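Undergrad: Chains R and V are the protein sequences, given in the same order.
Heads up, our numbering is the position in the first sequence plus 11, with the first residue counted as 1.
Heads up, our numbering is the position in the second sequence plus 1, with the first residue counted as 1.
Have a look at this one before I ask anything.
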Amino acid sequence: MSTFLNDLKYAFRQLHKNPGFAVVVILILALGIGINATAFTVVNAVLFRPLPVKDPQQLCSLSIHTQEQVYDGTFTYPDLEFFQDNADVFEGVLTFKSMSLSWQWQPNQTRKILAEWVSRDYFNILGVKTSLGRSFNLEEQSVPNAYPVVVLSHAFWSSEFDSSPDILGTDIIISSKNYTIVGVAEPGFEGMRPSRSPDLWLPMMMMVQVSGGALTRDTNYEVIGRLRREVSRRNAETQLTALLPELDKNSNNFSGKRGQGRVVLTRCGHGSLAGKDRGAAWVGSLVFLAVTGMVLLIACANMANLLLARAMARRREIATRLALGAGRFDLIRQLLCESLVLALAGGCVGLWLTHGAVQLFMSMRPGGVKLPQAIGLDTRVVVFTVCLSLLTTLIFGLIPALQGTRVAISQALKENQGMLSSDTKRFGVRNILIAAQITLCVVLLMMAGLLLRNLQQTMNIDFGFDDKHTLLVQLPESLFKERDVDPYSIHERVMDQIQALPDVEGASLVGQIQLSGGSLETTVSLPGTENGQKAITYYVGPDYFNTMRIGVKQGREFSLHDRKGQKNVVIINETLARLLWPNENPIGQIVGSNEKTFEVCGIVANSKYHDVRETPQPAAYYCSLQTGWAQVLIVRSKGQPVLLRRVLEEKIHALDPSVARSQARTYTQQIRGVLIAERFASLFITLIGAGGLLLASVGLYGVVSYMGRLRTPEIGMRVALGAQKIDIIRLVVRQAVRIVLVGLSVGMCLAVPFALFLSKLTPFELSVFDPATFVIVTSVLLMTAALACLIPALRAAKIDPMEALRYE
Amino acid sequence: MIKLQNIQKRYNTKAGFTYVLQQITLDIAEGEFVTLMGPSGAGKTTLLNIIGMLDSDWEGQYTLDDNSVHTLKPRQRLALNKQYVGFVFQNFNLLDSLTVYENLEAPLSYRNVKGAERASIVCDTLDRFGIVGKKDLFPSQLSGGQQQLVGVARAVVASPKLILADEPTGNLHSAQGQEVMELLTKLNQQGTTIIQVTHSEKYAAYSRRIINLKDGWMDGEVTPRQLPRKDR
Numbered sequence: 012m013s014t015f016l017n018d019l020k021y022a023f024r025q026l027h028k029n030p031g032f033a034v035v036v037i038l039i040l041a042l043g044i045g046i047n048a049t050a051f052t053v054v055n056a057v058l059f060r061p062l063p064v065k066d067p068q069q070l071c072s073l074s075i076h077t078q079e080q081v082y083d084g085t086f087t088y089p090d091l092e093f094f095q096d097n098a099d100v101f102e103g104v105l106t107f108k109s110m111s112l113s114w115q116w117q118p119n120q121t122r123k124i125l126a127e128w129v130s131r132d133y134f135n136i137l138g139v140k141t142s143l144g145r146s147f148n149l150e151e152q153s154v155p156n157a158y159p160v161v162v163l164s165h166a167f168w169s170s171e172f173d174s175s176p177d178i179l180g181t182d183i184i185i186s187s188k189n190y191t192i193v194g195v196a197e198p199g200f201e202g203m204r205p206s207r208s209p210d211l212w213l214p215m216m217m218m219v220q221v222s223g224g225a226l227t228r229d230t231n232y233e234v235i236g237r238l239r240r241e242v243s244r245r246n247a248e249t250q251l252t253a254l255l256p257e258l259d260k261n262s263n264n265f266s267g268k269r270g271q272g273r274v275v276l277t278r279c280g281h282g283s284l285a286g287k288d289r290g291a292a293w294v295g296s297l298v299f300l301a302v303t304g305m306v307l308l309i310a311c312a313n314m315a316n317l318l319l320a321r322a323m324a325r326r327r328e329i330a331t332r333l334a335l336g337a338g339r340f341d342l343i344r345q346l347l348c349e350s351l352v353l354a355l356a357g358g359c360v361g362l363w364l365t366h367g368a369v370q371l372f373m374s375m376r377p378g379g380v381k382l383p384q385a386i387g388l389d390t391r392v393v394v395f396t397v398c399l400s401l402l403t404t405l406i407f408g409l410i411p412a413l414q415g416t417r418v419a420i421s422q423a424l425k426e427n428q429g430m431l432s433s434d435t436k437r438f439g440v441r442n443i444l445i446a447a448q449i450t451l452c453v454v455l456l457m458m459a460g461l462l463l464r465n466l467q468q469t470m471n472i473d474f475g476f477d478d479k480h481t482l483l484v485q486l487p488e489s490l491f492k493e494r495d496v497d498p499y500s501i502h503e504r505v506m507d508q509i510q511a512l513p514d515v516e517g518a519s520l521v522g523q524i525q526l527s528g529g530s531l532e533t534t535v536s537l538p539g540t541e542n543g544q545k546a547i548t549y550y551v552g553p554d555y556f557n558t559m560r561i562g563v564k565q566g567r568e569f570s571l572h573d574r575k576g577q578k579n580v581v582i583i584n585e586t587l588a589r590l591l592w593p594n595e596n597p598i599g600q601i602v603g604s605n606e607k608t609f610e611v612c613g614i615v616a617n618s619k620y621h622d623v624r625e626t627p628q629p630a631a632y633y634c635s636l637q638t639g640w641a642q643v644l645i646v647r648s649k650g651q652p653v654l655l656r657r658v659l660e661e662k663i664h665a666l667d668p669s670v671a672r673s674q675a676r677t678y679t680q681q682i683r684g685v686l687i688a689e690r691f692a693s694l695f696i697t698l699i700g701a702g703g704l705l706l707a708s709v710g711l712y713g714v715v716s717y718m719g720r721l722r723t724p725e726i727g728m729r730v731a732l733g734a735q736k737i738d739i740i741r742l743v744v745r746q747a748v749r750i751v752l753v754g755l756s757v758g759m760c761l762a763v764p765f766a767l768f769l770s771k772l773t774p775f776e777l778s779v780f781d782p783a784t785f786v787i788v789t790s791v792l793l794m795t796a797a798l799a800c801l802i803p804a805l806r807a808a809k810i811d812p813m814e815a816l817r818y819e
Numbered sequence: 002m003i004k005l006q007n008i009q010k011r012y013n014t015k016a017g018f019t020y021v022l023q024q025i026t027l028d029i030a031e032g033e034f035v036t037l038m039g040p041s042g043a044g045k046t047t048l049l050n051i052i053g054m055l056d057s058d059w060e061g062q063y064t065l066d067d068n069s070v071h072t073l074k075p076r077q078r079l080a081l082n083k084q085y086v087g088f089v090f091q092n093f094n095l096l097d098s099l100t101v102y103e104n105l106e107a108p109l110s111y112r113n114v115k116g117a118e119r120a121s122i123v124c125d126t127l128d129r130f131g132i133v134g135k136k137d138l139f140p141s142q143l144s145g146g147q148q149q150l151v152g153v154a155r156a157v158v159a160s161p162k163l164i165l166a167d168e169p170t171g172n173l174h175s176a177q178g179q180e181v182m183e184l185l186t187k188l189n190q191q192g193t194t195i196i197q198v199t200h201s202e203k204y205a206a207y208s209r210r211i212i213n214l215k216d217g218w219m220d221g222e223v224t225p226r227q228l229p230r231k232d233r
């Protein structure tokens, strides 16, 4: 122990003696460690951080696996009640549903908030307390439509009500209904999905007031249970599986399919995501950490080079210690101890940088990226950073320690104090380290380049409709608040306002727009057949296909005559037409869907619905005048859509001036939003690649400078013999060029499998062999390398031969 | 104590072998004070390094007490070095980042001497060399003579049987040089075997045997009495 303490003391003393060196090393390490700790902080919040609830490890999400399908988050409210009444393995069972509702925060002023409808005993089961007032009582959670009460989140209470304790018992208006505030949740609790943290919670029994019969009709509830401590997960799964036949008997929705399945419980008390999102987040996190890990490796290689140079300069000290009886192990331990001090200092500064970087990251993240609101440092991040620091000690400290202590004692003792010894073998190690840095840079830059190209190519894909010159705007919710409102009257009201505008070329109302990031699916069946064809479903108004420039191949598009009370009609796309009637004319055919029949009145061209890269999918369009509400207005403008935006917003606002003004956005903006993951990944990897390139350039600069210093006498001699400046520059640059070319070639070779790997892991389809990316990356790298070499080469060319020879 | 037989060191160059030492055969008894002399490039320091086992790339037979050094592996030679040898260097080679106390402590810590014992030995040595007042100073804060004093103190702190001094007075002015030589003589009188390399016949006169080297060969042996009188 005392030996270690002595080593530590000497390490601090060494660094104190060379503050410049220590600061540079610590900063570079802090950058490498900071980037990685930032990445881990985000990953930790998304995947690992326990929810601030009682015993989060006991919370499990329930899914049913059958041979054909996985029923995950597809339960009905009666299913939930069944588990609440029968699943003895759980202390309690809950569900919740997020919904965007309007909150009237000022008279005649509303704005959107995120509310969460919660099932019976939600707060008790989670063990979440209130910091003010109470949570919902049993009656409020059992009697439908009787108790309009609300619990606010602590953040919402603080920001909107200035943490006033007087709000208890007062009413707030949510979706035009009065709700009484009964409590404020404890700080830190952001619901079960912190990536969509709600502003307030409402009892599920009140849901019927806002969304009609959704409570019993919906089939998309997640079931979460708190496992009893004495029951193992496996036993619980067995017991719950035994309940499935009874569950199936009570349910009409799944036609006996779930009774044959088995229950799988997944722990869900950690992280901010669930289900498919969590799976995708795992993949994204691995890529995220791999990319940042590369920067750390570049930083380590850089450090190893600096320490190697320092070890070379300390050869005589090392030789003296060996002559005094030190073993090589003693010296390796001491050098590693110095590296450890540097790495821990780098880790501390890195942790400090992480704090700021996380804030920056959160402020820069695009809106569509699902992350918790509160991401911060915790014990896990600190432990990760410490481990990372220890790892970096090994990576960047070991090579110089091993190399630096391998000295010929008698020779090193003879060396002049000021002179650095030229040792070609060790210099080889430095070259390898630089080449490795360049290799990693090339891989990063190639990934970034390929992602950017992929993004560019994706934006140029033919979507099957024309997104240019189109604007989207949400209609006020208040238009639909009346029960049994006729969609036709809304359509007329809106179109009266819009079609009079001179710049409008076409307009239509839709329920959900194409490429919005999600899509509905219904089964379209032929009369007399049981099994139908699943099709992506849209509810669109008259003139939709003209407005969207989707070609009508046969028949007609919807008109104002297709209203309630008239014959139900449907328009299908070419893929669905081919699947349902491969050899017949679909026009005039009857299909069934949602227990209704529809006549096919038109066939339209295929287009993109859910994903820009999808293969042609079957799709069915129902007329919104017959089937339901259409809340989004699509307008095609004759000129630039931005010119129409303001007047359009005003017209929509005029429909109900009491609600907040809706913001219009272009369809192109909407599609860019769908490509958020690609854009984010491209931007992130480009930034990381640029950082890596900067580090590698600094490393290259250092090596070329070092080479220049090492060859000072030789250069002096050459100048004395008549060498010109250009000869000296060529001499110094030549060796660097060799290193760069080796790094570049290896990097290019490695980039191909990396791109294939990235392509396989993520939804991004990277075209691995893209000549333009290869050329651009090569050029950027060569230019940066040239710059890094040129400065020391020019310095070498200015060497005064007299001085250089005296140095000799 | 030291038996060298046909010690030879050579470098393999493109032009063939270049010999640094050839056919060195030499016996040095325990308690002797021997000087190696000769012009630059004669191989004095190389021979000293071979005797000190810092150089392991040579041919011939070398016996140190009962240890056949030529049969030992480099690691075993360093272990033997630890056991027998203390070095004094021309350019002192004190460790810049360590204080005088720590410089003296270093050889003991490499020999796994326990902390308390180490402190006691270092304090004794500081006292013996009269440098207690300098113990917290760094080498850069000492004069050349003081640095070499610390160098000699460091060489003897682990009680070696053999002190190898490579031009110990090379960087000192005459008064300081004389002081160091008197110190070495005193150590020799206390039983330590000393081999020094020097160019100066004046300092060589402190030893009992002077071995001349020339172009890597042994070029005779004289006693101090046989040296010209002006240099003595």
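Idealized CB from N, CA, C, for every residue including glycine.
Since the structure is predicted, the reported quantities are computational estimates derived from the model, not experimental observations.
Count the other CB atoms within 10 Å of the CB of Gly336(R); is the residue buried (16 or more) or exposed (fewer)?
TA: The residue in question, Gly336(R), is buried, as its Cβ has 16 or more Cβ neighbours within 10 Å.
Undergrad: Give the interface partners of Phe34(V) over in chain R, defined as CB-CB distance under 9 angstroms, in chain order.
TA: Correct list: empty, because the minimum Cβ distance to chain R is about 21 angstroms.
Undergrad: Under the assumption that Val670(R) contacts Ser500(R) (Cβ atoms under 8 angstroms), give the Cβ distance between them as a whole number of angstroms.
TA: Actually they do not touch by this definition, with Cβ atoms about 18 angstroms apart.
Undergrad: Please confirm whether Lys140(R) has its beta-carbon closer than 7 angstroms to some beta-carbon of chain V.
TA: For Lys140(R), the answer is no, since every Cβ of chain V falls outside 7 angstroms of its Cβ.
Undergrad: Between the C-alpha atoms of Gln467(R) and Arg683(R), what's the straight-line distance to the nearest angstrom?
TA: Cα to Cα, the separation comes out at about 11 angstroms.
Undergrad: Can you tell me which of Gln642(R), Leu276(R) and Val743(R) puts its alpha carbon nearest to the alpha carbon of Ile810(R)?
TA: When only C-alpha atoms are compared, the closest one is Val743(R).
Undergrad: With 7 angstroms set as the bound, which would you pick, yes or no: does the beta-carbon of Phe277(R) sit closer than that to a beta-carbon of chain V?
TA: Per the sequence presented here, residue 277(R) reads as Thr, with Phe not at that position. Chain V, which has no Cβ nearer than 7 angstroms to the Cβ of Thr277(R), makes this no.
Undergrad: Determine the direct distance from the alpha carbon of Gly280(R) to that of Gly100(R), and round the result to whole angstroms.
TA: Reading the sequence as shown, one finds Val at residue 100(R) and not Gly. Looking at the two C-alpha atoms, the distance is approximately 17 angstroms.
Undergrad: DSSP state of Ser74(R), grouped into three classes?
TA: Looking at Ser74(R) - three-state DSSP - the assignment turns out to be strand.
Undergrad: Quick check: is the beta carbon of Leu55(V) nearer than 7 angstroms to any beta carbon in chain R?
TA: True, the Cβ-Cβ gap to chain R drops below 7 angstroms.
Undergrad: Rounded to the nearest angstrom, what separates Ile124(R) and Trp114(R) at their Cα positions?
TA: Cα to Cα, Ile124(R) sits roughly 6 angstroms from Trp114(R).
Undergrad: Beta carbons nearer than 9 angstroms to chain V: which residues of the segment 323 to 346 of chain R have them?
TA: Residues passing the 9 angstroms Cβ filter: Arg327, Glu328, Ala330, Thr331, Arg332, Leu333, Ala334, Leu335, Gly336, Ala337, Gly338, Arg339 and Asp341.
Undergrad: Could you check where the alpha helix (DSSP H) with Ser400(R) kicks off and where it finishes?
TA: Taken as a continuous stretch (DSSP letters only), the alpha helix (DSSP H) holding Ser400(R) covers Thr390 to Gly415.
Undergrad: Rounded to the nearest angstrom, what separates Thr784(R) and Ala701(R) at their Cα positions?
TA: C-alpha separation (whole angstroms): 15 angstroms.
Undergrad: Report the CB separation of Pro89(R) from Asn261(R) in whole angstroms; it is logged as a contact under 8 angstroms.
TA: With a Cβ gap of about 7 angstroms, Pro89(R) and Asn261(R) count as contacting.
Undergrad: Using the C-alpha atoms, what's the distance from Ala98(R) back to Leu258(R)?
TA: Taking the straight line from one Cα to the other gives about 11 angstroms.
Undergrad: With DSSP as the reference, please indicate the residues paired to Tyr111(V) in a beta bridge.
TA: In the DSSP output, where bridge partners are listed per residue, Tyr111(V) has none listed.
Undergrad: Could you tell me the alpha carbon to alpha carbon distance between Val54(R) and Asp66(R), rounded to whole angstroms?
TA: If I take the Cα positions, the gap works out to 21 angstroms.
Undergrad: Between which two residues does the beta strand (DSSP E) holding Cys634(R) run?
TA: Segment Ala630 to Cys634, the beta strand (DSSP E) holding Cys634(R).
Undergrad: Please state whether the Cβ-Cβ distance between Leu238(R) and Ala247(R) is less than 7 angstroms.
TA: Their beta carbons are under 7 angstroms apart, which means Leu238(R) touches Ala247(R) by this criterion.
Undergrad: Quick one: Cα of Leu431(R) to Cα of Pro724(R), how far?
TA: Model confidence at Leu431(R) stands at a pLDDT of 41, short of 50, so the residue's coordinates are unreliable; what they give is reported in the following sentence. Using only the alpha carbons, I get a separation of about 12 angstroms.
Undergrad: So does the segment 337 to 345 of chain R actually touch the segment 388 to 404 of chain R, counting three or more Cβ pairs closer than 8 angstroms?
TA: Too few Cβ pairs lie closer than 8 angstroms, so no.
Undergrad: Determine the chain R residues that contact Gly116(V) at a beta-carbon separation under 9 angstroms, and present them in chain order.
TA: Near Gly116(V) (Cβ distances below 9 angstroms), the residues of chain R are Ser13.
Undergrad: Which residues of chain V have a Cβ atom closer than 9 angstroms to the Cβ of Lys10(R), listed in chain order?
TA: The shown model of chain R, from 12 to 819, leaves out residue 10(R), and the question about it has no answer.
Undergrad: Taking Leu107(R) as part of the beta strand (DSSP E), name the residues at either end of that continuous run.
TA: Residue 107(R) is actually Phe in this sequence, not Leu. Phe107 to Gln117 is the span of the beta strand (DSSP E), which, as asked, contains Phe107(R).
Undergrad: Bridge partners for Trp128(R) per DSSP, in chain order?
TA: Bridge partners of Trp128(R): Lys108(R) and Leu213(R).
Undergrad: Three or more C-beta pairs closer than 8 angstroms, one from the segment 627 to 643 of chain R and one from the segment 651 to 659 of chain R: is that the case here?
TA: Result no; under three Cβ-Cβ pairs closer than 8 angstroms.
Undergrad: Check Lys15(V) in the structure and name its three-state DSSP category.
TA: Coil at Lys15(V), not helix or strand.
Undergrad: Say whether the segment 734 to 751 of chain R touches the segment 8 to 22 of chain V, bearing in mind that this needs 3 or more beta-carbon pairs closer than 8 angstroms, one atom from each stretch.
TA: No: fewer than three Cβ pairs fall under 8 angstroms.
Undergrad: Could one say the Cβ of Phe139(V) lies closer than 7 angstroms to chain R's Cβ atoms, at least one of them?
TA: Phe139(V) does not count as touching chain R.
Undergrad: If I measure Cβ to Cβ from Gly270(R) and keep anything under 7 angstroms in the same chain, skipping five residues before and after, which residues do I get?
TA: So the qualifying residues of the chain are Leu255, Pro256 and Asp259.
Undergrad: Quick one: is His27(R) buried, meaning 16 or more other Cβ sit within 10 Å of its Cβ, or exposed?
TA: It is exposed - the Cβ of His27(R) has fewer than 16 other Cβ atoms within 10 Å.
Undergrad: To which residues does DSSP link Pro546(R) through a beta bridge?
TA: Note that residue 546(R) is Ala in the sequence shown here, rather than Pro. DSSP output for Ala546(R) lists Thr533(R) as bridge partner(s).
Undergrad: On the three-state DSSP scale, how would you describe Arg647(R)?
TA: Strand.
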